[in-house]
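Residue numbers (UniProt numbering): 1 to 91. Yeah, the Cβ is synthetic: ideal placement off N, Cα and C, and Gly gets one too. Only a predicted model underlies this, so the values are computations on that prediction, with no experimental measurement involved. This report concerns only the one structure given below.
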Amino acid sequence: MIDKPLLKAFLHYYQASDSELTSVAVAYYWLISIFPLLLVVVNILPYFQIPVGEFLGFMKDVLPPSLYEGVEKIAREVLTQPSTGLLSFSV
Numbered sequence: 001m002i003d004k005p006l007l008k009a010f011l012h013y014y015q016a017s018d019s020e021l022t023s024v025a026v027a028y029y030w031l032i033s034i035f036p037l038l039l040v041v042v043n044i045l046p047y048f049q050i051p052v053g054e055f056l057g058f059m060k061d062v063l064p065p066s067l068y069e070g071v072e073k074i075a076r077e078v079l080t081q082p083s084t085g086l087l088s089f090s091v
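In structure tokens:
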């Protein structure tokens with residue numbers, strides 16, 4: 001059986017740590033930081049000289065056809081034209 005003082009101590013520590021607020025704050029800051037991170041990744045991709053045909057073939061296999069049409073135009077543009085302006089903005 002669980003020792004009651006141990007359970008009391010655990011519940012006291014859990015309530016004092018305010019973990020619900022901490023988890024909400026972590027989720028909020030993660031959501032705020034994901035878009036600049038995506039900008040950095042997208043702007044670094046052209047410097048790796050990834051073959052556009054291979055990348056688009058992979059994307060075609062992964063994405064539904066309706067979504068692939070829009071992503072294909074953007075991916076082709078992003079992978080062929082590096083943008084230092086957006087890279088500096090995202091950092």
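Measuring C-alpha to C-alpha distances from Arg76 to each of Tyr28, Ala16 and Ile50 identifies Ile50 as the nearest. When secondary structure is reduced to three states using DSSP, Ile44 falls in the helix class. In the three-state DSSP reduction, Ser33 falls in the helix class (H, G or I).
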